[in-house]
Amino acid sequence: MSATVAPDKILKELAELWVSTAKAADGGVGVLRACSMTLLVLAEESEDSQGLGETIAALMPEHPARAVVVRTSGPGERSLTERVYSQCWMPFGQRKQICCEQVEITVSDVALADLPSVVLPLAVPDLPLILWCRSPRLAAMPEFQPIAAMAQKVIVDSGAMKDPVAALKLMAALNARGVLLGDLSWTRLTRWREMLAQVFENQQNLAQLQEILGVDVEHGEGFRVSALYMAMWLKDCLTDAGVLDASFGVGRAPEAVSLRMKLVGEGFSVELARHEDRMVVTVNGVSQCTGLSHPTDYLLMREELGIVRRDPVFEKALTRAASLALPAEGI
6 MSATVAPDKI LKELAELWVS TAKAADGGVG VLRACSMTLL VLAEESEDSQ GLGETIAALM
66 PEHPARAVVV RTSGPGERSL TERVYSQCWM PFGQRKQICC EQVEITVSDV ALADLPSVVL
126 PLAVPDLPLI LWCRSPRLAA MPEFQPIAAM AQKVIVDSGA MKDPVAALKL MAALNARGVL
186 LGDLSWTRLT RWREMLAQVF ENQQNLAQLQ EILGVDVEHG EGFRVSALYM AMWLKDCLTD
246 AGVLDASFGV GRAPEAVSLR MKLVGEGFSV ELARHEDRMV VTVNGVSQCT GLSHPTDYLL
306 MREELGIVRR DPVFEKALTR AASLALPAEG I
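Just so we're on the same page, our numbering is the position in the sequence shown counted from 1, plus 5.
(1) Using a Cβ-Cβ cut-off of 6 Å (strictly less than) and excluding sequence neighbours within five positions of alanine 128, which residues of its own chain qualify?
(2) My understanding is that valine 262 touches histidine 280, with C-beta atoms under 8 Å, so please give their C-beta distance in whole angstroms.
(3) Nearest to methionine 284 by CA position, among Glu276, Ser274, Leu297, Gly290, is which residue?
(4) Let's see if you can read the secondary structure: which residues bound the beta strand (DSSP E) around alanine 128?
(5) Go through its chain and collect everything with a Cβ distance to proline 404's Cβ below 6 Å, but skip five positions before and after it.
(6) Is any heavy atom in the ligand ADP found nearer than 7 Å to the beta carbon of arginine 198?
(7) Once DSSP output is grouped into helix, strand and coil, what is the label at glutamate 271?
(8) Are at least three pairs of beta-carbons, each pair with one atom in the region 195-202 and one in the region 166-173, less than 8 Å apart?
(9) Between which two residues does the beta strand (DSSP E) carrying glutamine 293 extend?
(10) Please list the terminal residues of the continuous alpha helix (DSSP H) segment that includes threonine 77.
(11) Count the other CB atoms, across all protein chains shown, that sit within 10 Å of the CB of threonine 295; report buried if there are 16 or more and exposed otherwise.
(12) Tell me, please, whether the region 108-116 touches the region 150-165 by the rule of three or more beta-carbon pairs shorter than 8 Å.
(13) For glutamine 55, which residues from the same chain have a beta carbon less than 6 Å from its beta carbon, with the 5 sequence-adjacent residues on both sides left out?
(14) Roughly how many angstroms separate the alpha carbons of alanine 326 and glycine 219, rounded to a whole number?
Okay, here's the thing in structure tokens:
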């Protein structure tokens, strides 16, 4: 580990940063230091730093945090460097800046084992530490386990991982060890689950729920885990509603369809399908189309950062999906 990178040194630089920020403020403009958590972000050094920085900055007004961004530089000599700075904004109509701290650390793969001893002292006392792992490569490395153990919640995106089955097994193992887990592939389904629930708010549709005989979920590239989550969630919902004999299938979607679900029964059918930025809901042959753009990392993380508690519905869907004996390639 580089001798220039130590928690005491970083904390001193943060303290000096606040002094200089207060001095630089214009006369009559106050500076408020805001923090509700420590947000630890793991990303590859090759990732677009501007885009990631904009996402973190957008999250700060609603979820102010001490952000610690760790960029992995890959194989090479042992190295670990850092810099500190602040993110500030001024609420409309006020004359007071609100600022959050940000630490950026660059670390080589061989120095990853040193990371917990640097990051843990930087966590704000008595506030949750949330880990957002944006690097599928790092999530699969042995060094990820002690890093994840520091956090109250670990957020990953299984949709970005090359092997969906391995991703599910990894997340199920973390969940079994008591790690509070979030998966952006599940978060992307929030609107889908809401829209399906709206279909059955109609009493006529609800009365036909017992007629459902089969459920099919189809997925495009990058949506396989989401499809498995959706199938398992639907199975649990139907079981709770007393529908015990419905068949379930998960398969490939036609071209240009990223995700589609079908519920079919005697004289009754429901289909939800995404076509680019449109969601088409079809009930018994009658279709309605609504805009449904792909959620940004900001929108997904805003939702996940607001849930620092166990989500039994997600955990049950994860456990069921990971238990399926599926090949690494195929559906």
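Glycine included, C-beta positions come from ideal geometry on N, C-alpha and C.
Owing to the predicted nature of the structure, the values given are computational and were not obtained by experimental measurement.
With the given structure in hand:
(1) Thr43, Leu134
(2) With a beta-carbon spacing of about 6 Å, valine 262 and histidine 280 fall inside the 8 Å limit used to define contacts.
(3) Minimum Cα-Cα distance from methionine 284 among the listed residues Glu276, Ser274, Leu297, Gly290 corresponds to Leu297.
(4) Secondary structure note for alanine 128: it is in no beta strand (DSSP E), with a DSSP letter that is neither H nor E.
(5) The structure shown does not extend to residue 404, since the chain spans only 6 to 336, so no value can be given for it.
(6) As far as ligands go, the structure on display features none, and thus does not contain the ligand ADP.
(7) coil
(8) Verdict: no, contact absent.
(9) Unbroken beta strand (DSSP E) run through glutamine 293: 291-296.
(10) It is not in any alpha helix (DSSP H) - threonine 77 instead sits in the beta strand (DSSP E) that spans 70-77.
(11) exposed
(12) no
(13) none
(14) Distance between the alpha carbons of alanine 326 and glycine 219: 18 Å.
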